[in-house]
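Using the UniProt record's numbering, the letters of the sequence shown map in sequence onto residues 1 to 1190.
Cβ atoms here follow ideal geometry from the backbone N, Cα and C, with glycine treated the same way.
These figures come from a predicted structure and were not determined experimentally.
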Amino acid sequence: MKGGLSFVFIFWSLCLQAQSIVAEQRGKDDFSILESGKPASIVCDIDDDTLVKISASLLAEDLGRIGNMPAMILNQVPASGSIIIAGSIGQSGLIRQLADRQLIKTDSLQGKWEAYQLQVVKHPFDGIEQALVIAGSDRRGVAYGIMELSRQMGVSPWYWWADVPVQKKQDLYIPAATFLADAPHVKYRGIFINDEAPCLSSWTRKKFGGFNHEFYVKVFELILRLKGNYLWPAMWGNAFNEDDVQNPVLADQWGIVMGTSHHEPMLRAQKEWRKNGTGDWNYTTNKEVLQHFWTKGIEKMGRHESVVTIGMRGDGDEPMTAGTATKLLEGIVADQRKIIETVTGKPASQTPQLWALYKEVQDYYDKGMRVADDVTLLLCDDNWGNLRKLPRLTDKPRGGGYGIYYHFDYVGGPRNYKWINTNNIARVWEQMHLAYQYGADRIWIVNVGDIKPMELPISFFLDYAWNPSRWNEDNINTYYTQWATGQFGTTYAEQISEMLSRYAQFSARIKPELLNAGTYAIENYNEAETVIRQWRQLTEEAMLINKVIAPEYKDAYFQLVLHPILALGNLHELYYAVAMNASCVAKKNIEANKYAERAAFYYQQDSLITRKYHLLAGGKWEHMMNQVHIGYTSWNNPPFNKMPAVEYVSKEETTLTPIVYKELPVARSIVPATETGNVFYEENGVISMEASHWTRALNVNGIQWKVIPGIGRTGSGISTFPVTASVKKTANSPYVEYDFYAYDSGKAIVHLYFSPTLNFHQDDGMKVAISVDNGMPLIITINKEDFLTNWERWVASNVILGKTEIAVRYAGKHTLKYWMVSSAVVLQKVIIDWGGMKPSYLGPPETLSPANASETMKGLKDYYQNYFPIGVAIEPGDLRHKEKADLICREFNSLTPENAMKMSTIHPLQHTYRWEQADAIVSFARQHQLKVRGHTLCWHLQTPDWMFEDKQGNKVGRDTLLQRLHDHIKAVVGRYKGQVYAWDVVNEAVADGKEFLRPSKWLEIIGEDYIAKAFQWAHEADPDAVLFYNDYNEISPVKAEKILQLLTKLKSQNVPVHGVGLQSHWAINEPGREQLDSTLARFARLGLAMQITELDISAYSKEHQARERTKNDSIALFTPEKQLKQSLQYKMCFEMFRKYRQYITGVTFWNLSDQHSWLDDFPVKGRKDFPLLFDTTLKRKEAYYGVVNW
C-alpha cells in the first residue's frame, strides 16, 4: 500500500483527522489536559531536541490562551499529578523508559519519518496517576503530535496570521483509551514566499523592519502548526541567509528544512549574486566565480537541514540560453554535485537535492538530459495550477523520487495574478491527486505569494500533502466545513463553508486581473446579470453572518471570508456597471448616466474595502492589500489602479429601445412526463448539458465515473477513477449518456468544455470520444496543440474547448454518449448547437428536464389547479434570468407586474408613456399561456407630480385631474384589453387611522367620487376585465369594516367593482387561524370575487411602523425555528384559502423568491427578510411543502 502504513496506522490517522479526541465533559478515567482552568504540566527531557522544547512552549502558551494560565514546562517528572510527556524516541530518556517498560509501544514510530502517536498511560512513573504521552519518531514528529493536540483543543494554526480567536474553556479531557498515530505521506511539504512586493515587503518593513528573524519565526510557527516542514524564503530583493544571520539558525531550531527557489541554485539567493557576485551570471564565461559563489552557499548550510536546488537558469528567472544547451547544463550539475561532496565530505547522494523542471528546463529533460538517481525531479505546473508533466507508471523508480512545484500566485503571462485568492480547492485537489497517484510524493512546494490572503488554499495544500487518502472526490467539499469550524467554531460553520465553496467556484472563472467589462455577455443569456446576481447573493449572505457572528471573530471573518467576497464581488459590480454604461451609451439610453455613477461608486468602494482590511486589529495588516488589480492592459500590473472609462448621455440624445421577446420553439414541451432520468431539451437552437447531470453511466472493469463537485465554471465536473486507469479499445471503455429531445435535425456542432488539464505525458494529446444514438464514437483530442496562444486562451478562461460535428437524423429523442479514452480528463459541460448558440463566456445555461420530471416539474399551479390560479409579482428582469423564468413557468399561472404598470413607471410624463416593461411581461405571459393581473391604476403612491400640478407647479383643479385620470386609465387599460384579465383599479384608498378614506391628493382635489370614476372608466376601456379594489391590513377588524363599507356603498351605486383584493402581507405570528377564518368569512359575505393579491409571510413578528434597526433586533438569519414557524403559518393560511375556494378566485405572491422582497427594507431598515416559498437560490423551502402537502 502506498506510503507503507499498516491498516491500524491508517485507521487511526483517519480517525485523528475526522473527529476530535478532545472533549469538555469528563468521562471515566479520562485524562485532564485542563481542569477548572488549570493545565497539566508538560515534561520534556532536557537532552531532547530544541524543537521539542519549542513545541512544548507553544503548547504551554496555547493552554494559557484557552485556560487561566500557561502550562508549566518541566525537564523532570514531578512527584505527583497528571502530566503531558513529549519526546522523540531517539533523544528522550523519558520515552525510552516508557518503551522499555512496555507502557507505550513505539513499533509504529521506528524507522518512520515525522511520525507521532498520542497515548494515555496510567501510572507511568511513581506518584503520577496518568500521563498523555506524545511520542515522535523524530523531532518534527513530536512537534506535529503537539500541534495536532493544540489544534484539537481549539487553537487554529492561523491564530496569529489571521487573528483567529482562541475560545476560553475551563475543562478539556482526552479519553483514557486514546491511542492515535499518524505520519505524512509526502516527505517535504512547504511554501514558497514569492512575488512579495509591494504587499508583504511593505508590511514586513513596517511590522518587523524587514525579512528578519522576527518575521520568519512567525512563518516557521505557521508552517509547523500546518504540519509543513519546508520553505523557500522570500527572494524579491531578499536574501534569507544574509538579511539576518539568525534566520537560518532559527529555521533549523524550528525544524524547517530550507531550500531556495527553482532558479536559485546551491542555497544562494539571487540578491546575494547581485550584491556580491562579479561578472556575468554565465557559466561559460564566469565559471570559477560562480563555483566559488555556490561553494559559499553549501558552506553556510552546515548541518542545517536543507534541500539543495541544482541546475541553472538565466539571471532574473529567465531562460539560460536561447536554445537547449544540454551539455552545458549537464556540466553545471556535475560541478555542483562535486562542490556538495567537497564541502560536506560525504557523497553527494547523502545531501537532498532537487532539479526543478520549470518552464524551458523541462525541455532539457524531454530531450534526454538526466541527473543522478538520488536527485528529486521537481515537476512543475504551468504557473496556473495545471501540471505540465508527471512520471509514467512504467517509469523506473527514482531514489530521489518526484516532486511538484505548484502555484497559487504568479507574475507573468498572460496576466499577473497576485491580488486575491482565486484557487478552487476542487481543482487543487484534482491536480495534486493526479500527482500523488502518479508517484510525485517526495516534495510538494507551492508558491503562495504574500502568504495572505492564501490562508485557505495553503491549509488545504499542506493538509492534503500530509494525508492524500483523507480527501477524495466524494468528500472534498467537506474540507470547507472542517476548515470553517477550525477558524470560527460550529455555530456558523455550515453557512461559511457553503459560501467559501461558492466563492472558490465563482472566483476561479477568471482571474480578477483579466476581468473586464466585456468578459460576460450583457445581452446573450442574461449572462452578466446572472453572474452579478450570484455575487450579490453571496455578498448578502456574507454580510448577514458578519452581523451576527461573535465580535471576537469579526477580524478573522473579515480576512478569511468577508473581504474576498466583498472585494471580488465589488470588482464584478464595477465592471458590470461599466458594461451596462457602454450598452446604454450605444443605445443613447439615459440609463447610461446611472451606470456611470455606479461605476465611480464601486471604484471608490474598492479602496474603502482595502482600507477596512488595513485598519483591522489596530492596523496590524497595513499594506497587505496594496496590490494593484484594476486597469491591466498587458501581462504586468499597471503602476496604480485606474478607473475604467465611462461615458454620459444627455437628455437630448436619449432614445428608448423596447425589449423584444421572440416566441421561439422550446423542445421541453415534447419531453414526456414518464421520463425517469435527466433529460435535456433544445431551446433556441441549442441544447446545454452540465456534465454531472448525466442520464446514465456505465462503469467498466473497476473504472468508475465520479463527480468532482464545484470544479466547473458553472457546476461540477466528471472524470473517471482511478486516474491511472487506461483502456485499449474505445468501444469497451466506460461512458456516460445524455438523453435529449430536439426540434431540429441535421448537422450540429458539439462543444465540450474541459478543465484545462495539460498533456502531462507529452504524447499525442489526451482524448475523449462522443457518439449519437448508435453511431460510431468520434475521437476528439483536447490538448495536443499546446502552443503559446492556445495555452494562454486555456488558462485565461480556465477551460479548454473541444468540438466536433455530429448528425442528428430526425427530430425527437436521442442519446449522446461521452466515452473515456484517456484518463484524468475533466468534462464540465456539453453543448449541442444547430446554429442558435450566441457568444458568451460561460456558455448557454443548462436546458434540463430533471429526473422524475413528472413530479419535480409539478408546480404550485398544478397542486391548486382545481382551486384557484397561483400568481406572482415580478419585474421584467426576472424574465431575462433563465432560472427565474423557468421557475415562474413551472410554479405559477398568473403574473402581476410589481412596478411596471404603476403610473410612475408607465406614464412618467404627461405626454409620455413607457410601455416597454409592461409589454415585456404581457408578451412573456402570452408566450407561456399565463394570466396577467394589472397593478395598479390609481394609488396615492408612485404617482408622478405632473398628475396633480400644472406647468408652474400649482395644484390643478378637479376637472383637470379627472380628465388626466380618465386619459391614463383609458390608455393603459385600452392597450392591454383582452390581455390583462383583472385590474387593481384603486389601491389603498381606506385610511388606517380614524378617518374613513385616506387623505390623498386624489381625495383632496376630486373628492370621494374619484374611486367610482376610476372603476367606471376602467370598465369602459375593457368591459371584460375583472375590476378589484385592493388594500392591506385587511385582518384588522376596524380596517376590514371600512373596506366593507366602501365596497357596499359602491355596489349600491352600481359602480362596476367586481372583487376585493386582500393584500395579505402577514407574518409568522399573525393572523391566527380564527382571525383569518373570520376575516375571509366577512369578505365572502360581500358577494364579490375575493383574491389574495400580495401574499408574503415575514420570518419576523409583525410590525406595522417603519423604524431603524437596533441592537435588540433578532438575528437576520433564517433559523430552523423561523423556518418551522413560517411553514406552519403558510400551511394554515392555505388551509383557510381552500376552505373558501368558492369565493377566492386567485392567490398571488408578492415577489418570486427570498432573493428580493420589499420586506428586506421594511419595516426594519436594512434587515433581510425571508418571506416567500423559494429561498435565495430559488430552491423550494420547507414552507413550500406546507402549502402543497395536504
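Closest by C-alpha distance to residue i, when choosing among the options
| i | options | result |
| --- | --- | --- |
| W1169 | T1119, Q1129, V830, T695 | As written in the sequence, residue 1169 is Asp, which differs from the Trp given in the question. Among T1119, Q1129, V830, T695, the Cα nearest to that of D1169 is on T1119. |
| V411 | G403, W384, K389 | W384 |
| L354 | A325, G210, Y405 | Y405 |
| L848 | A989, N516, I687, K994 | I687 |
| D45 | E591, L94, Q350, A79 | L94 |
| T295 | I332, T178, Q336 | Q336 |
| H1104 | E1034, V1147, V985 | E1034 |
| S1127 | L1173, D1160, P876 | L1173 |
| F125 | S80, W113, P165 | S80 |
| E529 | A493, A579, I888 | A579 |
| P78 | R598, I42, A484 | I42 |
| S20 | S716, T490, K227, A550 | T490 |
Boundaries of the alpha helix (DSSP H) in which residue i is found, first to last residue
| i | result |
| --- | --- |
| L224 | 213-225 |
| H935 | H935 -> not in any alpha helix (DSSP H); beta strand (DSSP E) instead, spanning 931-939. |
| N68 | Segment: none, N68 is in no alpha helix (DSSP H) and carries neither H nor E. |
| I1011 | 1010-1021 |
| R958 | 958-975 |
| H292 | 287-301 |
| T519 | Unbroken run through T519: none, as it is neither H nor E. |
Check whether residue i and residue j have beta carbons under 9 Å apart
| i | j | result |
| --- | --- | --- |
| residue 1217 | P157 | This structure leaves residue 1217 out entirely; the chain is present only between 1 and 1190. |
| Y753 | G712 | yes |
| I298 | L267 | yes |
| G302 | Y173 | no |
| I1011 | L1062 | no |
| F740 | E690 | no |
| G314 | W281 | yes |
| Y358 | L377 | no |
| Y576 | A517 | yes |
| W819 | V772 | no |
| P709 | N472 | no |
| D163 | A617 | yes |
| I66 | G145 | no |
Segment limits, beta strand (DSSP E) that includes residue i
| i | result |
| --- | --- |
| Y753 | 746-754 |
| Y735 | 735-742 |
| N1030 | 1026-1031 |
| A873 | 870-874 |
| S41 | 41-44 |
| M1090 | 1089-1098 |
| T896 | 894-897 |
| L778 | 778-781 |
| T342 | Here T342 belongs to no beta strand (DSSP E); instead the alpha helix (DSSP H) covers 326-344. |
| K1139 | First-last for K1139: 1120-1139, but that is the alpha helix (DSSP H), not the beta strand (DSSP E). |
| D833 | 827-833 |
Residue-level contact to chain C via CB, residue i, 9 Å cutoff
| i | result |
| --- | --- |
| G677 | Absence of chain C from the displayed structure is noted, only one protein chain being present. |
Could you give the uninterrupted runs of the beta strand (DSSP E) lying entirely in the region 367-438, keeping only those of 3 residues or more? You should have 376-380, 402-407.
Count Cβ pairs between the region 417-430 and the region 504-520 that sit closer than 8 Å; are there 3 or more? Three or more Cβ pairs drawn from the region 417-430 and the region 504-520 lie within less than 8 Å of each other, which places the two stretches in contact.
Tell me the start and end of each unbroken beta strand (DSSP E) in the region 678-711 that is at least 3 residues and wholly inside, in chain order. Counting only runs of 3 or more, we get 679-681, 686-690, 696-698, 704-708.
Flag this pair as touching only if the region 1083-1094 and the region 1043-1060 have three or more C-beta atom pairs under 8 Å; answer yes or no. Between the region 1083-1094 and the region 1043-1060 there are three or more C-beta pairs closer than 8 Å, enough to call the two in contact.
Are there three or more Cβ pairs, one per stretch, closer than 8 Å when the region 930-939 is compared with the region 970-988? The region 930-939 makes contact with the region 970-988: 3 or more CB pairs, one atom from each, lie closer than 8 Å.
Are at least three pairs of beta-carbons, each pair with one atom in the region 81-88 and one in the region 118-129, less than 8 Å apart? By the Cβ criterion, the region 81-88 is in contact with the region 118-129, since at least three pairs of Cβ atoms, one from each stretch, lie closer than 8 Å.
With contact counted as at least three CB pairs below 8 Å, one residue from each stretch, are the region 939-949 and the region 1017-1025 in contact? Cβ pair count under 8 Å is below three, so no.
Across the region 184-203 and the region 228-248, are there enough close Cβ pairs to call them in contact, namely three or more that are closer than 8 Å? Output reads yes: the region 228-248 touches the region 184-203.
In chain order, what are the residue ranges of uninterrupted alpha helix (DSSP H) at least 4 long that sit wholly in the region 549-606? DSSP runs (the alpha helix (DSSP H)) wholly in the region 549-606: 554-557, 563-586.
Assess contact between the region 864-874 and the region 754-761, defined as three or more Cβ pairs (one per stretch) separated by less than 8 Å. Is contact present? Because the criterion of three Cβ pairs below 8 Å is not met, the region 864-874 and the region 754-761 do not touch.
Specify whether the region 240-250 and the region 206-223 touch according to this definition: at least 3 beta carbon pairs, one from each stretch, less than 8 Å apart. Touching, per the Cβ criterion.
Hey, is the region 1031-1048 in contact with the region 1000-1007, meaning 3+ C-beta pairs nearer than 8 Å? Counting C-beta pairs with one atom in each stretch, the region 1031-1048 and the region 1000-1007 have fewer than three that are closer than 8 Å, which means they do not touch.
Is there contact here, the region 453-463 with the region 364-378, by at least three beta-carbon pairs under 8 Å? Segments in contact, no.
The region 127-141 touching the region 99-109, judged by at least three CB pairs closer than 8 Å: Look at the beta carbons and you see the region 127-141 touching the region 99-109: at least three pairs across the two are nearer than 8 Å.
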